[in-house]
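Participant:
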Amino acid sequence: MKAAVLTAYNSPFEIRKDVEPNGSGVVVDVAATGICGRDLVVWKGGFRNLKLPLILGHEIVGYYKGKPVAVYPNLSCGNCEYCKAGKENLCENAKIIGEGEITGGYGEKVIAPEKNLIPLPTEEMEKYAAALDPVATAIHSAKLANLNKDSKVLVTGAGGGVGVHLVQYLKHIGIKEVYGLTSKVDKLKELGATPITQIKNEKFDAVFELVGSKTINDSLRSLKKEGTLVLIGNVEGEPITLLRPALTVMRQQKIVGSAAYTKEEYEEAIRIIGENKIKIIYESYELERINEAYRKLANREIFGRAVLKLR
């Protein structure tokens, strides 16, 4: 098959036409794949346990037996205590499609267990590829924040692929005061959020931290007593250092990690997208233009998600 192959970190992908897909299960013909912030961290070399070459891409939609499907990317074991408790996102033996030996969606075919395939209600493939991961992430992280409709919340990195859909999901579930840290002020206003370009004197009940090391200390300073910071991403892959840990101690703040999403939450995301509950924001690129997409993502030139079209 044809695929974009990562052979060196921080370097262009190579387009090859003789790649053999690896995996276990059934063959899905890939139609489109979203480019995740996690992929960008891998590309920069932030996951040292992975071995090159790699065919990335876990936000996959395509066709199986002629029917449109999404591929739930977490290959969980089903046997550990977390899987048995319905928390397969925390599986002790999980593998992610596109990482390691399992070929991802930056190629024309993916091999995955049939149980990981979820029917799609329509064939708007690029739309689902763009938003499934962000919306499922929003669903999962919102549960961790213990919000109510009067909560005042902040989303950092609000102009990125997860951010633009997270602010909309928070409005969708009835949160009245949703702020977004972004340089793309006018575009964020159109989504119903209040944009800010820097964190100053606001006080929030919860912060959804998508940026990580660069903003987390400002986020904690803006967090109320007993507030919750949900750590979703760390885009630079750099170590996170708390500059004033006493502030978090004395304010009794909570920092909780958000580990992706469950299959049930992925299915809920499909429903929300299919019912057009939020606006899906993305730019699409042919596979041969993957390096252009990565360059623009790295330079924060894309508002929303980037999607690779494979058919």
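Residue 210 in this note's numbering sits at position 227 of the sequence shown; the count goes up by one each step and never skips.
Cβ atoms here follow ideal geometry from the backbone N, Cα and C, with glycine treated the same way.
Write down the C-beta distance between Y152 and A189 rounded to the nearest angstrom, noting that I regard them as a contact closer than 8 Å.
Facilitator: Incorrect: roughly 14 Å between the Cβ atoms, too far for contact.
Participant: To which residues of the same chain is Y249 closer than 6 Å at the C-beta, ignoring the five residues directly before and after it?
Facilitator: Y55, A119
Participant: Buried or exposed, going by whether 16 or more other CB atoms sit within 10 Å of the CB of D1?
Facilitator: Exposed is the call here.
Participant: Where does A14 fall in DSSP's three states?
Facilitator: strand
Participant: Let me know the beta strand (DSSP E) ranges lying completely inside the region 196 to 261, each 3 residues or longer, listed in chain order.
Facilitator: Counting whole runs of 3 or more residues, the region 196 to 261 contains the beta strand (DSSP E) stretches 206 to 214, 237 to 240.
Participant: In the DSSP assignment, what are the bridge partners of N291?
Facilitator: One detail in the question is off: residue 291 reads as Leu in this sequence, not Asn. Note: L291 sits in a beta bridge opposite T16, Y268.
Participant: Looking at the unbroken beta strand (DSSP E) that takes in R(-1), where does it start and where does it end?
Facilitator: -3 to -1
Participant: Let me know if A121 comes out buried or exposed under the rule of 16 or more other beta-carbons within 10 Å of its beta-carbon.
Facilitator: buried
Participant: Going by CA-CA distance only, name the one from A53, G28, K34 that's closest to A15.
Facilitator: That would be A53, whose Cα lies nearest to the Cα of A15.
Participant: Can you tell me which of the three DSSP states V194 falls into?
Facilitator: coil
Participant: How is N5 classed by DSSP in three states: helix, strand or coil?
Facilitator: coil
Participant: State the start and end residues of the unbroken beta strand (DSSP E) segment that holds K135.
Facilitator: 135 to 138
Participant: In chain order, what residues of the same chain lie with their CB nearer than 8 Å to the CB of N(-7), ignoring the 5 residues before and after it?
Facilitator: W26, K27, G28
Participant: Can you give the Cα-Cα distance for L206 and E160, rounded to whole angstroms?
Facilitator: 14 Å
Participant: Taking the C-alpha atoms as reference points, what is the distance between V290 and N184?
Facilitator: 36 Å
Participant: Excluding the 5 residues preceding and the 5 following L73 in the sequence, name in chain order all residues of the same chain whose CB lies nearer than 8 Å to its CB.
Facilitator: Y65, A242
Participant: Using CA atoms only, rank isn't needed, just tell me which of V218, L226, V136, G8 is closest to A281.
Facilitator: The shortest C-alpha separation from A281 is found at V218.
Participant: State the start and end residues of the unbroken alpha helix (DSSP H) segment that holds T120.
Facilitator: 108 to 127
Participant: Is E106 buried or exposed, if buried means 16 or more other CB atoms sit within 10 Å of its CB?
Facilitator: exposed
Participant: Which residue marks the beginning of the beta strand (DSSP E) containing K92, and which one marks its end?
Facilitator: Unbroken beta strand (DSSP E) run through K92: 92 to 95.
Participant: Below 8 Å on the Cβ atoms is my guess for G142 versus K167; work out the distance and round it to an integer in Å.
Facilitator: 4 Å
Participant: Helix or strand or just coil, what does DSSP make of L33?
Facilitator: coil
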